[in-house]
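Residue numbers (the working numbering), protein chains in the order written: chain A, 1 to 396; chain B, 1 to 262. Cβ coordinates follow ideal geometry from the N, Cα and C atoms, glycine included. Here's the structure we're looking at; comments come further down.
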Amino acid sequence: MPKQTVAVLFGGRSVEHEVSIISAHQVMDALEVAGYTLLPVFIDKAGAWHAGRGLYNLRQYSVPGFRADAVRDSHRVSLSPDTSIRQLVLHPFGAKGFFYRPPELWADVFFPVLHGTFGEDGRLQGLFELAGVPYAGSGVEASAIGMDKIKQKDLYRAAGLPVLDCEWVSRQEWSRAAGEFTRKVEARFPYPVIVKPSSLGSSIAVARCLNGTELAQHVNVAMQFDDRVMAEPALVNFKEVNCSVTGPPCEASVCEMPSVDGELLTFDAKYKTGSKKGITGMSKSGMASLNRIIPAPIGPVMTARVQEYAKQAFQAIGCHGIARIDFLLASDHESLYVNEINTMPGSLSFYLWEASGLRFDQLVTRMVEGAIDRHKQKAPTQFTVDVNLLSGGKPS
Amino acid sequence: MSTDFLDINGVRIRYQEAGQGGEVLLLHGWGARLETFHPLFQALSHGFRTVALDLPGHGESAVPPEPWHVSDFLGCVLAFMDRRNLEKPHIVAHSFGGRITIKLAALHPERAGRLLLTAAAGVPPRQSLRTRIRRMAGSTAGKLQRFARTRLPASEPLVRAFNARLLPRLASRDYLNAGAMRETLIHIVTEDLTAHLPRVQSPALLVWGDQDRDTPLECGRTMARLIPESELVVLEGAGHFPFLDQANKFNLLAQRFFSEGS
């Protein structure tokens, strides 16, 4: 069987741009070991797409003033929504000239390793759907819901999963009547409360508030990152427990317990711990560098419960490929809440799968094969009818 | 993970062990110690009983009582394997560790599982004219020095001046840092193991960095040509320590290669 080519997309217009670069290089390492041919596709912070083998080199991204168009073997490209093209094409402003040799841009599968906005939130998946290309990971709806913590709670509740109650406010409402939201929150929950943007990952702008002043202050901060902000009761002395799921068919990994100083897992704790610092002072291992206990010391009964809830949460929002589901375990060691889902978890949670007996190269192979299967299953779906309504119902 | 010491024929050896499953033994390079393998050790210990040791004269292991040859290190490693119940482990060997491993696999095939040789030494690299001249000058100077010390005691200040000024320019970094292991190092680097390679029966994965200057890629190609069941993987941009330069990919290659043999 000929080697398949996988286009790995990373970077992106997101506050998690650098996290994505690290995760993608880990994924590309695994894909190469699994025997795939790589087509790295870097999306810069302005949203320009660059493709070429030269972009597969983690070190260059930490050089101040890095520019993808200055990289040797890097070409400006774009993906057309026209299904008859079905591959990356050279950008109209891309390098041209007598000696310019166009690169090979065919990819059998697209593998987005983008975290946060414009990559994990369904928008990029929408482009893949329009272009008619196979892609790894969750589809449009699951990706969009996975980024929306407010909508997620509704779906989890409907599926019978335990979640913490919340109040939320839009930017418009907040600027019109901030006090009203504060009163609503205070009427429902005692302080401390947690404030978070509805659709950001990596714990960005998540804060614990002890009074109304702090609440207003942190809602203002969160509003800079999102147009909807939520508040929920803060558990005291809780533990965070995470579990990854692949599928379909669903399979849950061992659980982990991130070990952090303080009560909230912050962006710094997630990405700036570890010994080897690279891109903007981040650990070169991304999420894999976080201090954690694997397997989580929660006993076999609670572990089985977390794994079962994780699979249900994965199915409730219709995920595909991989996800990491984060739980909060209250101090009574009994009350368990689904906190949130990551449809493109940092480092693809490979460290959880490695501890579950699935190597990273096997994990990415599973995701690529899953993408091809899903694409084949979609093929018989009819999106148009063979009748031209404008010509009186005659066949078109 | 546990760290302990063992007495092997009068030489105190430090070793580290973690994980369960198939056995993997890690043999480091000259001047290194078991910690050099830390990321790989961690990755392998998820699915394998992983054992690493400080070779004699390295890390916290004792210096051999007299200058050793590769075969002495091999004897020590075999005795260590017996003591730790490593019947036929897979082996990861870097640089000098590769010399021991090639000899082990060629002479004791019943004791060698799969071999992952990375930037392994044992095949003399083609030397540039400059390197050859430098080596020749170093070797001649060494002979003259020995002669002067034994026959012309009055020349001692001259010998000391030579060691201080010219030796650092002529000798390799390993030689300069070898201390009490200098004679051992000379025995080791002068032994050509090319003839052993066709006798290696174990499947071998050769992982080389294309930027390796100590054991250039050409050595890996020679080994791939001469070891019957071997495959060479070249890591772009990696140097003499591919398992540190590209740890993620290296660890995955190792996990995959050893899983296939379990």
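Nearest neighbour of residue i, chosen from the options [CA to CA]
i, options, result
"E186 (chain A)", "A:T384, A:A231, A:I150, A:A107", "A:A231"
"G18 (chain B)", "B:W30, B:A32, B:R33, B:L53", "One point to set straight first is that residue 18 (chain B) is Ala, not Gly, in the sequence displayed. Checking every option, the nearest Cα to that of A18 (chain B) belongs to B:L53."
"V306 (chain A)", "A:N291, A:I322, A:G318, A:N339", "A:N339"
"V70 (chain B)", "B:R221, B:T190, B:V92", "B:T190"
"I85 (chain A)", "A:R123, A:A131, A:S259, A:C209", "A:A131"
"P241 (chain A)", "A:E214, A:P297, A:S20", "Looking at the sequence provided, one finds Val at residue 241 (chain A) rather than Pro. That would be A:P297, whose Cα lies nearest to the Cα of V241 (chain A)."
"W168 (chain A)", "A:M147, A:S198, A:M367, A:C243", "A:S198"
"V301 (chain A)", "A:E129, A:S335, A:S62, A:G318", "A:S335"
"I186 (chain B)", "B:R126, B:R99, B:P67, B:A161", "B:P67"
"A68 (chain A)", "A:A107, A:A323, A:I43", "A:I43"
"P65 (chain B)", "B:T3, B:E183, B:G98", "B:E183"
"P134 (chain A)", "A:A205, A:R374, A:V236, A:G392", "A:R374"
"N9 (chain B)", "B:N248, B:K249, B:D82", "B:D82"
Spatial distance of residue i from residue j (CA atoms)
i, j, result
"C402 (chain A)", "A177 (chain A)", "Not covered by the structure: residue 402 (chain A). The range shown for chain A is 1 to 396."
"D192 (chain B)", "L232 (chain B)", "20 Å"
"M28 (chain A)", "A142 (chain A)", "24 Å"
"P56 (chain B)", "Q16 (chain B)", "14 Å"
"N177 (chain B)", "G31 (chain B)", "8 Å"
"L6 (chain B)", "S202 (chain B)", "28 Å"
"R33 (chain B)", "E60 (chain B)", "8 Å"
"V33 (chain A)", "A119 (chain B)", "19 Å"
"L235 (chain B)", "G160 (chain A)", "49 Å"
"V207 (chain B)", "L116 (chain B)", "7 Å"
"V385 (chain A)", "D332 (chain A)", "58 Å"
"G94 (chain A)", "S74 (chain A)", "10 Å"
"P162 (chain A)", "P295 (chain A)", "22 Å"
"S80 (chain A)", "L88 (chain A)", "7 Å"
"H218 (chain A)", "Q152 (chain A)", "22 Å"
"E173 (chain A)", "D154 (chain A)", "21 Å"
"S155 (chain B)", "R149 (chain B)", "7 Å"
"K276 (chain A)", "I100 (chain B)", "Unreliable positioning characterises K276 (chain A) in this predicted model, as indicated by a pLDDT of 45, which lies under 50. The coordinate reading is nonetheless provided below. Between K276 (chain A) and I100 (chain B), the C-alpha separation is close to 31 Å."
"G119 (chain A)", "P40 (chain A)", "15 Å"
CB contact check: residue i to chain B, cutoff 8 Å
i, result
"G357 (chain A)", "yes"
"D373 (chain A)", "no"
"Q315 (chain A)", "no"
"E129 (chain A)", "no"
"V8 (chain A)", "no"
"E186 (chain A)", "no"
"F98 (chain A)", "no"
"F111 (chain A)", "no"
"T5 (chain A)", "no"
"N220 (chain A)", "no"
"A24 (chain A)", "no"
"F383 (chain A)", "no"
"E32 (chain A)", "yes"
"E354 (chain A)", "yes"
"S360 (chain A)", "First, the residue type needs correcting, since residue 360 (chain A) is Phe and not Ser in the sequence shown. Yes, F360 (chain A) counts as interfacial toward chain B."
"N242 (chain A)", "no"
"N291 (chain A)", "no"
Residue-chain proximity (residue i, chain A), Cβ-Cβ < 8 Å
i, result
"Q255 (chain B)", "yes"
"G47 (chain B)", "yes"
"S155 (chain B)", "no"
"L252 (chain B)", "yes"
"P22 (chain B)", "A quick correction: the sequence has Gly, not Pro, at residue 22 (chain B). Not closer than 8 Å to any Cβ of chain A, the Cβ of G22 (chain B) fails to qualify, so no."
"S128 (chain B)", "no"
"S259 (chain B)", "yes"
"G239 (chain B)", "no"
"L88 (chain B)", "A quick correction: the sequence has Lys, not Leu, at residue 88 (chain B). With 8 Å as the cut-off, K88 (chain B) does not count as an interface residue toward chain A."
Cβ-Cβ separation, residue j to residue i (assumed contact under 8 Å), whole Å
i, j, result
"T343 (chain A)", "G137 (chain A)", "7 Å"
"K149 (chain A)", "V245 (chain A)", "About 18 Å; that fails the 8 Å criterion."
"G22 (chain B)", "F243 (chain B)", "The pair is not a contact, with the Cβ atoms about 19 Å apart (cut-off 8 Å)."
"Q246 (chain B)", "A238 (chain B)", "5 Å"
"V6 (chain A)", "V109 (chain A)", "5 Å"
"E218 (chain B)", "R126 (chain B)", "6 Å"
"V221 (chain A)", "A234 (chain A)", "Contact flag wrong, Cβ pair sits at about 17 Å."
"D227 (chain A)", "R183 (chain A)", "About 21 Å; that fails the 8 Å criterion."
Residues sharing a beta bridge with residue i, DSSP
i, result
"G11 (chain A)", "A:I43"
"L53 (chain B)", "B:Y15"
"S78 (chain A)", "A:V89"
"G119 (chain A)", "Partner(s): none; G119 (chain A) has no beta bridge."
"S2 (chain B)", "B:E17"
"K3 (chain A)", "Its beta-bridge partners do not exist; DSSP assigns none."
"N342 (chain A)", "A:R324"
"I194 (chain A)", "A:R208, A:E232"
"V19 (chain A)", "Bridge partners of V19 (chain A): none, in fact."
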